[in-house]
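Visitor: Residue numbers (the working numbering): 410 to 821.
Each residue gets a CB set at the ideal place from its N, CA and C atoms; glycine is no exception.
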DNA sequence: TCTGGGGTCCTAGGACCC
DNA sequence: TCTGGGGTCCTAGGACCC
């Protein structure tokens, strides 16, 4: 098996930089301290992506813009542009599909490519990787790292090595000197909580983890211990999945409100706007959902959630909203609300669920379908609930409006 | 902390059944 | 009830990824 992992370098920032150059900008954002960041006014002021010069000031992804500016006062901050990112992501994916029939989109800026069968057509893996990397640079305007190995895990680890615009291999025989000296935090699936536990028992490098008794790890970390022990030893048999093989398990939208919500009616407005987005996405999947969940984050950052299973699966905006209101009322403890979220899951394909027994729902189904068609043709704002018209609240809340595609299973 | 939004998977505890 | 054991389902929360 020969697997490539292709990772766009500081994706959001590079894509914005490439667009601006194309539009005639004189400075390349990648060459100055810059970040893609949210808006502190809307209480979403965090760093989403950073340039390499910004990184040299110690700016980190996920920290607040306030902190980032403390480290680098002359930081250029650019708001995110998700439509652009989707276009760039699609372009990269389509380019990769020219080199293999097995390409898995792992996230907006990462793909796995199974090169095993491609070797007889395109030659040595290293040469093909170089061709792909250079084509993306010259034709799409941004750089990528490509990791090459015998499985997805090692390919992904390899692409994390020196950046940007680099190709690295990490074959099993290279683990000892390329992978094992690295700190455990660098290993895929070792996050904050796990690294803290590992460091506590004096496991500090990936190599030390690889040489720890796996049964001991299991008592400490349950099944997760076995997962990371395998990864530390470069063991991973997961295949590269084409996108159509991946079934999405759930979908949701959430939003941080620019102010704290303190009354029920206001909360309902945001919940309705979120339900509009979630239910439209659900219907675009041609699925019904059986589980609905509402989550709340309070002004003091306490999160809690409440879910319920439906007796009758649904995809109706009104049906989902009624459940959402009920769940919200059952769980809200009247604290000021900072953030609201809705998610639906336990999908049933509409093709396998005949609604003929429930003819009374036909009308509302037709209504939802008609609304979806009008919005698709004339834009989401062409048809909105009247309760939003004289409010300052957007009738849709939540980010995903473009064509959905399944990504990011935490199993590689 | 001026602290996002979209996902997946796992686990613990309780309810319920035989 | 001073009572058991095993299975399944449901729920809430946490860990991880980008």
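#1: Taking the beta strand (DSSP E) that residue 662 belongs to, which residues open and close that run?
#2: If you follow the beta strand (DSSP E) that residue 750 is in, where does it begin and where does it stop?
#3: Can you tell me whether residue 413 is helix, strand or coil according to DSSP?
#4: Give every residue of the same chain whose Cβ lies closer than 6 Å to the Cβ of residue 768, excluding the five residues on either side of it in the sequence, and list them in chain order.
#5: Taking DSSP as the reference, what is the three-state secondary structure of residue 529?
#6: Quick one: Cα of residue 418 to Cα of residue 573, how far?
#7: Considering only C-alpha positions, which residue in the set 459, 499, 491 and 493 is nearest to residue 480?
#8: Near residue 734, which residues of its chain fall below 8 Å by C-beta distance, leaving aside the five closest residues on each side in sequence?
#9: What is the rounded straight-line gap between the Cα of residue 562 and the Cα of residue 585?
#10: Would you tell me roughly how many angstroms separate the C-alpha atoms of residue 692 and residue 785, rounded to the nearest one?
#11: Figure out for me which residue from 690, 672 and 569 has the closest Cα to the Cα of residue 416.
#12: May I have the straight-line CA-CA distance separating residue 516 from residue 491, to the nearest angstrom?
#13: Only counting the same chain, and skipping five residues up and downstream in sequence, which positions put a Cβ closer than 7 Å to that of residue 792?
#14: Taking the straight line between their C-alpha atoms, what separation do you get for residue 578 and residue 465?
#15: Return the chain-ordered ranges of every beta strand (DSSP E) run that is complete within the segment 513 to 562 and spans a minimum of 3 residues.
#16: Beta strand (DSSP E) containing residue 698: first to last residue?
#17: Could you check which residue in 599, 623, 628 and 627 has the C-alpha nearest to that of residue 614?
#18: So the candidates are 753, 523 and 436; which of them puts its Cα closest to the Cα of residue 699?
#19: Taking the straight line between their C-alpha atoms, what separation do you get for residue 445 and residue 429?
#20: Under the rule that 16 or more other beta-carbon atoms within 10 Å means buried, what is residue 565, buried or exposed?
#21: Determine, using beta carbons only, whether residue 745 and residue 452 come nearer to each other than 8 Å.
#22: Just verifying my parser: in three-state terms, what is the DSSP assignment at residue 577?
#23: Could you tell me which residues DSSP puts in a beta bridge with residue 443?
#24: In whole angstroms, what is the alpha-carbon distance linking residue 427 and residue 787?
#25: To the nearest angstrom, report how far apart residue 652 and residue 469 are at their CA atoms.
#26: Return the CA-CA distance between residue 448 and residue 473, expressed in angstroms with no decimal places.
#27: Measure the alpha-carbon distance for residue 618 versus residue 638 and round it to whole angstroms.
#28: For a test of the three-state rule: what should DSSP assign to residue 635, helix, strand or coil?
#29: I'd like to know if the segment 617 to 635 and the segment 712 to 727 are in contact, where contact means that at least 3 CB-CB pairs between them fall below 8 Å.
#30: So the beta strand (DSSP E) residue 434 belongs to, where does it begin and stop?
#31: Helix or strand or just coil, what does DSSP make of residue 738?
#32: Indicate the three-state DSSP secondary structure (helix, strand or coil) for residue 774 in the structure shown.
#33: With DSSP run on the structure shown, which of helix, strand or coil describes residue 479?
#34: Pick helix, strand or coil for residue 456, following the three-state DSSP scheme.
#35: For the candidate residues 750, 705 and 740, whose alpha-carbon lies nearest to that of residue 685?
Guide: Looking at the atomic coordinates:
#1: Residue mapping note: residue 662 aligns to position 253 of the first chain, counting from 1. Segment 659 to 670, the beta strand (DSSP E) holding residue 662.
#2: Mapped onto the first chain, residue 750 falls at position 341. Per DSSP, the unbroken beta strand (DSSP E) holding residue 750 starts and ends at 746 to 758.
#3: Here residue 413 is taken as the residue at index 4 of the first chain, counted from 1. Note: residue 413 maps to strand in three-state DSSP.
#4: Here residue 768 refers to the residue found at position 359 of the first chain. No answer about residue 768 holds up, because its pLDDT of 48 lies below 50 and its placement is not dependable.
#5: For this step, residue 529 is matched to residue 120 along the first chain. The answer is helix: DSSP assigns residue 529 an H, G or I state.
#6: Within the first chain, residue 418 is the residue found at index 9, counting from 1. Within the first chain, residue 573 is the residue found at index 164, counting from 1. Approximately 6 Å, taken between the alpha carbons.
#7: In the first chain, counting from the first residue as 1, residue 480 sits at position 71. Among 459, 499, 491 and 493, the Cα nearest to that of residue 480 is on 459.
#8: As a working mapping, residue 734 is identified with position 325 in the first chain. Result list for residue 734: 677 and 680, in chain order.
#9: On the first chain, position 153 is the one that residue 562 refers to. On the first chain, position 176 is the one that residue 585 refers to. Straight-line Cα distance between these residues: approximately 15 Å.
#10: Residue 692 sits at position 283 when you count from the first residue of the first chain. Residue 785 sits at position 376 when you count from the first residue of the first chain. One C-alpha to the other measures close to 12 Å.
#11: Locating residue 416 in the first chain gives position 7, where the first residue counts as 1. Out of 690, 672 and 569, 569 has the C-alpha closest to the C-alpha of residue 416.
#12: Here residue 516 refers to the residue found at position 107 of the first chain. Here residue 491 refers to the residue found at position 82 of the first chain. If you take the alpha carbons of residue 516 and residue 491, they lie about 13 Å apart.
#13: Working through the first chain from its first residue, we reach residue 792 at position 383. Closer than 7 Å at the Cβ level, and outside the excluded window around residue 792, lie 780, 783 and 784.
#14: In the first chain, the residue the question calls residue 578 occupies position 169. In the first chain, the residue the question calls residue 465 occupies position 56. For the pair residue 578 and residue 465, the Cα-to-Cα distance works out to about 26 Å.
#15: Correct list: 519 to 523 and 553 to 558.
#16: Position 289 of the first chain holds residue 698. Start and end: 696 to 707.
#17: Residue mapping note: residue 614 aligns to position 205 of the first chain, counting from 1. Checked all of 599, 623, 628 and 627; the closest Cα to residue 614 is 599.
#18: Residue mapping note: residue 699 aligns to position 290 of the first chain, counting from 1. Out of 753, 523 and 436, 753 has the C-alpha closest to the C-alpha of residue 699.
#19: Your numbering for residue 445 matches position 36 in the first chain. Your numbering for residue 429 matches position 20 in the first chain. Distance between the alpha carbons of residue 445 and residue 429 is about 14 Å.
#20: Position 156 of the first chain holds residue 565. With 16 or more other CB atoms across the displayed protein chains lying within 10 angstroms of its CB, residue 565 is buried.
#21: Your numbering for residue 745 matches position 336 in the first chain. Your numbering for residue 452 matches position 43 in the first chain. Residue 452 is positioned such that its CB atom lies no closer than 8 Å to that of residue 745.
#22: One-based indexing of the first chain puts residue 577 at position 168. Of the three classes helix, strand and coil, the one that applies to residue 577 here is strand, per DSSP.
#23: In the first chain, the residue the question calls residue 443 occupies position 34. DSSP lists 485 as partners of residue 443.
#24: Within the first chain, numbered from 1, the residue matching residue 427 stands at position 18. Within the first chain, numbered from 1, the residue matching residue 787 stands at position 378. The alpha-carbon atoms of residue 427 and residue 787 are separated by roughly 30 Å.
#25: Stepping through the first chain from its first residue, residue 652 is reached at position 243. Stepping through the first chain from its first residue, residue 469 is reached at position 60. Residue 652 and residue 469 have their C-alpha atoms some 31 Å from each other.
#26: Residue numbering aside, residue 448 sits at position 39 when the first chain is read from its first letter. Residue numbering aside, residue 473 sits at position 64 when the first chain is read from its first letter. As the crow flies, the alpha-carbon of residue 448 is around 10 Å from that of residue 473.
#27: As a working mapping, residue 618 is identified with position 209 in the first chain. As a working mapping, residue 638 is identified with position 229 in the first chain. Those two C-alpha atoms are separated by around 6 Å.
#28: As a first step, residue 635 must be located in the first chain, where it is residue number 226. Three-state result, residue 635: helix.
#29: No contact exists between the segment 617 to 635 and the segment 712 to 727.
#30: As a first step, residue 434 is located in the first chain; it is residue number 25 there, counting from the start. Premise fails: residue 434 is in no beta strand (DSSP E) and is neither H nor E.
#31: Within the first chain, the letter at position 329 stands for residue 738. Under the three-state reduction of DSSP output, residue 738 falls in the helix class.
#32: Looking up residue 774 in the first chain gives position 365. Note: residue 774 maps to helix in three-state DSSP.
#33: Within the first chain, residue 479 is the residue found at index 70, counting from 1. Looking at residue 479 - three-state DSSP - the assignment turns out to be helix.
#34: Along the first chain, read from residue 1 onward, the residue named residue 456 stands at position 47. DSSP places residue 456 in strand when its eight states are reduced to three.
#35: By one-based count along the first chain, residue 685 stands at place 276. Closest option to residue 685, Cα to Cα, is 750.
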